[in-house]
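What follows is a set of notes on a single structure, which appears directly below.
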Amino acid sequence: YVITTGNPKWKKNNLTYRILNYTPKMRRADVDAAIRKAFSVWSNVTPLTFQKVEDKEADIMLSFAYRDHYDNSPFDGPNGQLAHAFQPGEGIGGDVHFDEEEAWTKDGRGYNLFIVTAHELGHSLGLSHSNDPGALMYPTYSYTDPKEFLLPQDDIDGIQAIYGRSNAAVQPTGPITPQACDPNLTFDAITTLRGEIIFFKGRYMLRRHPERIETEINFISLFWPTLPSGIQAAYENVERDEVLLFKEDKYWVLNGYNIVPGYPKQIYHLGFPKTVKRVNAAYNDETTGKTYFFTADRYWRYDEKKKSMDHGYPRKIVSHFGKKIRVDAAFQENGYVYLFHGKTQFQFDPHAKQIVREMESISWFRC
Amino acid sequence: FPVAPEAEDERKTLQFVESYLQNFYSLQRDHQPHLRNKGENPLATKLKEMQAFFGLQVTGKPDPETLEMMKKPRCGIPDVEQ
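Here's what the structure looks like:
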């Protein structure tokens, strides 16, 4: 996190705000709700309180403006610059301006007013841009479902460095952005996707492109706004150019970066009994056309051509893979199967039917 | 002479990069482009600063990843102190 130069801060904890005008693109009540929720992001983690006022000067004035609106920072029309705000201080200090020409919404379409407001209020309270890609104060827009939004730890640390901790009995904590070269990094699910390898972790996905050096970290919602975070299993059916993603008793089908309509469906649709509540990991064996699912200490085998589970399953993982482990994530690359368990991965040779190597889970990233 | 389309694209890209760096990385507007100064090209310096901030490969050149990041919708506040 970065505190604005000169450490500008409000000298009092009980602040007021006023919404000067409304965008015609959202219902008035939705604008009020989005802005109210944005203020609560910061009041939940500090001693600050924010009270909405009407018809009088407030500490933080929020308004929608066009192009040149006489603050020396003209807006640029749709996209590009979405909004800006001023550091704490009298007059225009703390004020937030939204570019009226953006497609403001309360969901994943266009630009979510709650997310943008929460970011700008960080500036209104004295924070500058953070270079943590998962931080709310990261400069570029990225959508998160407001219902799932949690203020990241980087932003909590920043605002508490200015105003101190919250008065709540239990101190709030937030998600930490995964670092590709963190030796303690573990994965929720892994899949290949048209030559790339996608590692899922919480709200994030780490993308490993064969030709790019650095690993790209994005929010899952950047590509799939309607998908939940915390994907638990994933595999690619290369023949059908589909990727299946699993969470709890549901699964989605992706075609490239598009979600196939009609999903999610229940995993029982694939032949799992009702006693199975979630899938931990999965991979598709391109040569046999069979998909292996891992649940607890067992594995299932699904015939993609017959579209049914093979008989005689589940079986114990140790009976086929030779290791008595629970598999967190799995994928196949160049004929080998990689089974991930915590910080370790096991390279399994399906022909030799044995584990031929053990590596760190992060060995795929050029650390 | 008619301007080759590639040269026109390049000119627009450079204009876009300059505007981005002026807005968010306090690149000074160059009021004497006809004078060549001896130091490193200020645009390359600012470009490296931006690439470092976003964790991109620091090349000092407007490579595809850098342009992709510059085109992302974003906050109007600069990333470095003005």
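Read top to bottom, the protein sequences are chains A and B. Start counting the first sequence at 1; every next residue gets the next number (our numbering). Start counting the second sequence at 368; every next residue gets the next number (our numbering). Positions of the beta carbon are idealized from the N, C-alpha and C atoms, including for glycine. Predicted model only: the values in this text are computed from it and were never measured.
The DSSP assignment places complete alpha helix (DSSP H) segments of no fewer than 4 residues inside the segment 149-223 of chain A at 153-163 and 220-223, in order along the chain. Per DSSP, A/R28 lies in no beta strand (DSSP E) segment; the continuous alpha helix (DSSP H) that holds it begins and ends at R28 to S43.
Assignment of A/A329 by DSSP, reduced to helix, strand and coil, places it in the strand class.
A/H84: member of the beta strand (DSSP E) spanning A83 to A85, first to last residue. Straight across, the Cα-Cα distance linking B/R378 with A/E286 is about 47 Å. When beta bridges are read from the DSSP output, A/L245 appears opposite A/A234 and A/W252. Residues of chain A whose Cβ lies closer than 8 Å to the Cβ of B/K439 are, in chain order, T140 and Y141. The secondary-structure analysis by DSSP pairs A/N112 across a beta bridge with A/T105. Per the DSSP secondary-structure output, A/L339 pairs in a beta bridge with A/A330 and A/F346. With respect to A/T192, A/F331 sits close: the two C-beta atoms are nearer than 7 Å. Only buried fits A/D95, as 16 or more other CB atoms lie within 10 angstroms of its CB. Taking 4 residues as the shortest admissible run, the segment 273-321 of chain A contains the following complete alpha helix (DSSP H) segments, listed from N- to C-terminal end: 317-321. Taking all protein chains shown into account, A/S363 has fewer than 16 neighbouring C-beta atoms within 10 Å of its C-beta and is therefore exposed.
Among the residues facing chain B, A/H311 is not included, as its CB has no counterpart in that chain under 7 Å away. Under a criterion of Cβ atoms nearer than 7 Å, the residues of chain B adjacent to A/I213 are, in order, Q424. Here the alpha carbon of A/D32 sits roughly 23 Å from the alpha carbon of A/N79. In the DSSP assignment, B/K428 falls outside any alpha helix (DSSP H), carrying neither H nor E. Close CB contacts of A/F200 within its chain, under the 6 Å cut and outside five residues either way in sequence, are with D188, A189 and I231 (chain order). Looking at the DSSP output, A/R366 sits in no beta bridge, so it has no partner there.
Within chain B, F421 and G422 have C-beta atoms less than 9 Å from the C-beta of A/P133, given in sequence order.
Here A/G164 has T46 and P47 as same chain residues with Cβ atoms under 7 Å from its own Cβ, once five neighbours each way along the sequence are excluded. Around the CB of A/R240, fewer than 16 other CB atoms lie within 10 Å, so the residue is classed as exposed. Counting C-beta pairs with one atom in each stretch, the segment 257-277 of chain A and the segment 323-343 of chain A have fewer than three that are closer than 8 Å, which means they do not touch. Sequence-distant partners of A/E100 (beyond 5 residues in either direction) whose C-beta falls short of 7 Å from its own C-beta, in its chain, are T23, F64, A65 and Y66. For B/L414, the enclosing alpha helix (DSSP H) stretches over residues P409 to F420. Per DSSP, reduced to three states, the secondary structure at A/D99 is strand. From the beta-carbon of A/A83, the residues of chain B found nearer than 8 Å are C442 and G443. When DSSP states are grouped into helix, strand and coil, A/V2 belongs to the strand group.
Listed by position along chain A, the residues whose Cβ is nearer than 7 Å to that of B/D446 are H129 and P139. Remark: three or more beta-carbon pairs, one from each stretch, lie closer than 8 Å, so the segment 141-153 of chain A and the segment 217-236 of chain A are flagged as touching.
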